[in-house]
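> Sequential numbering of the sequence shown, starting at 52, is according to the working numbering. In this text, a Cβ means the ideal position worked out from N, Cα and C, and glycines have one as well.
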Amino acid sequence: MKLVGALVARFRIAAELTQRQLAEQTCTQPETIASVEQGRRALQLPLARRMDALLDTKGALETAVENMPEVDLIPAWAEEYLDLEREALALSWFENQVLPGLLQTESYARAVFRTDVPALTEEEIEQRITTRVDRREILLQTQPPTASFIVSEAILVDRLGGDEVHIEALQHVRKCAEIPGVAIQIMPPGRRTHAGLSGPFILLETPDHQRLAYTETQRGSQLISAPDDVSILERKYAMLRTQALNTEDTKGLLDRLLGEL
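1. Under a three-way DSSP split, which group does residue 247 fall into?
2. Applying the 10 Å Cβ sphere with the 16-neighbour rule, what's the burial state of residue 27?
3. Could you name the residues of the same chain whose beta carbon sits closer than 6 angstroms to that of residue 59, not counting the 5 residues immediately before and after it, in chain order?
4. Leaving out the 5 sequence neighbours to the left and right, which residues in its chain are closer than 7 angstroms to residue 125 when beta-carbon positions are compared?
5. Just list the alpha helix (DSSP H) runs in the region 196–246, keeping only unbroken ones of 4 residues or longer that don't cross its boundaries, in chain order.
6. Would the region 187–207 and the region 232–242 be scored as touching if the rule is three or more Cβ pairs under 8 angstroms?
7. Is the beta carbon of residue 159 less than 8 angstroms from the beta carbon of residue 115?
8. Can you name the residues that DSSP bridges to residue 275?
9. Let me confirm a value: residue 168 is counted as buried when at least 16 other C-beta atoms fall within 10 Å, else exposed. Which label applies?
10. Go through its chain and collect everything with a Cβ distance to residue 84's Cβ below 6 angstroms, but skip five positions before and after it.
11. Can you round the beta-carbon distance between residue 271 and residue 147 to whole angstroms, since I take them to be within the 8 angstroms contact cut?
12. Thinking just about the alpha-carbon of each residue, which of 172, 153, 283, 143 is nearest to the one in residue 255?
13. Excluding sequence positions up to five away, which residues of its chain have a Cβ less than 6 angstroms from the Cβ of residue 100?
14. Check residue 142 in the structure and name its three-state DSSP category.
15. I need the DSSP call for residue 94, collapsed to helix, strand or coil.
16. Which whole-angstrom value describes the C-beta separation of residue 65 and residue 257, a residue pair presumed to lie in contact below a C-beta threshold of 8 angstroms?
17. To the nearest angstrom, how far is the alpha carbon of residue 245 from that of residue 303?
18. Have a look at residue 176 and residue 291 and give me their C-alpha separation to the nearest angstrom.
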């Protein structure tokens, strides 16, 4: 990825283009170009082809992408996902442990980070809160992604951070349920079948219409690009949507939970 990124930078500079100019002429974002050139993000084949045509590089970038080692096609750090999240056309998020980051309030995020083991420093906590809170703007931007969230009811019942934090978090989720293009569904307890027993995951569609998935574990994260693996998670998500409450029943449940507080 670093080698391909260095080639992109070399070809761009030779063409006397800035990162922003290259982004505009290839229908992508300046942040994407920067991430690719820094080797933090894999160059995708459709973008490589557009760059080859624009920069007259005789198919060099397309060839490089097609021959990248498989390990480099699957970035391993959360920063890669965050770049993609900001540009995504669509997001589908299943969560069974904690509210999705895009639905968290600042106080809820603080409660989440304060429970980390080993404990984070105050500086680390504040840095992570800032990043998380800033991400919420994704749902409110001029052209937001189509966003679907399936959340375990157990998350909404837990009182992470205490009663005030809990009430504020529920109120915020209820407000988010009214945002155009946002669908929130609650997975009720007591089910006899459940398509998400293997854990939480996120699906996203890029501006290039590539479908990717993202998963996190206790000690790392993985961005999944292999079509077969993404397809499996897409089928799991489709089943989860049929097993969870629909959006209207979800709003009703949130209203009842808030009325009981």
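So, from the data block:
1. Translated into positions along the sequence shown, residue 247 becomes position 196. Reduced to three states, the DSSP call for residue 247 is coil.
2. Residue 27 is absent from the structure shown; the chain starts at 52 and stops at 312.
3. Numbered from 1 along the sequence shown, position 8 holds the residue referred to as residue 59. Here the set comprises 87, 88.
4. One-based indexing of the sequence shown puts residue 125 at position 74. Low local confidence applies: a pLDDT of 39 at residue 125 is under 50, so the model's placement there is unreliable, with the coordinate-based value given in what follows. Hits under 7 angstroms: 273, 274, 275, 276.
5. 204–208, 214–227
6. yes
7. Mapped onto the sequence shown, residue 159 falls at position 108. Mapped onto the sequence shown, residue 115 falls at position 64. No, Cβ-Cβ distance for residue 159 and residue 115 is not below 8 angstroms.
8. Taking the first residue of the sequence shown as position 1, residue 275 is located at position 224. DSSP lists 264 as partners of residue 275.
9. As a first step, residue 168 is located in the sequence shown; it is residue number 117 there, counting from the start. Classification for residue 168: exposed.
10. As a working note, residue 84 is residue 33 in the sequence shown. The residues are 70, 73, 74.
11. The residue you call residue 271 lines up with position 220 of the sequence shown. The residue you call residue 147 lines up with position 96 of the sequence shown. Their Cβ separation, rounded to whole angstroms, is 19 angstroms, which puts residue 271 and residue 147 out of contact at 8 angstroms.
12. The residue you call residue 255 lines up with position 204 of the sequence shown. Minimum Cα distance to residue 255 is reached at 143.
13. Position 49 of the sequence shown, counted from the start, is the residue given in the question as residue 100. Correct list, in chain order: 113.
14. For the purposes of this step, residue 142 is taken as residue 91 along the sequence shown, with counting starting at 1. It is a strand residue.
15. Here residue 94 corresponds to residue number 43 of the sequence shown, with the count starting at 1. In this structure, residue 94 counts as coil in the three-state DSSP scheme.
16. As a working note, residue 65 is residue 14 in the sequence shown. As a working note, residue 257 is residue 206 in the sequence shown. Actually they do not touch by this definition, with Cβ atoms about 27 angstroms apart.
17. The sequence position of residue 245 within the sequence shown is 194, counting from 1. The sequence position of residue 303 within the sequence shown is 252, counting from 1. The alpha-carbon atoms of residue 245 and residue 303 are separated by roughly 22 angstroms.
18. Along the sequence shown, one-based indexing puts residue 176 at 125. Along the sequence shown, one-based indexing puts residue 291 at 240. Computed Cα separation, rounded: 32 angstroms.
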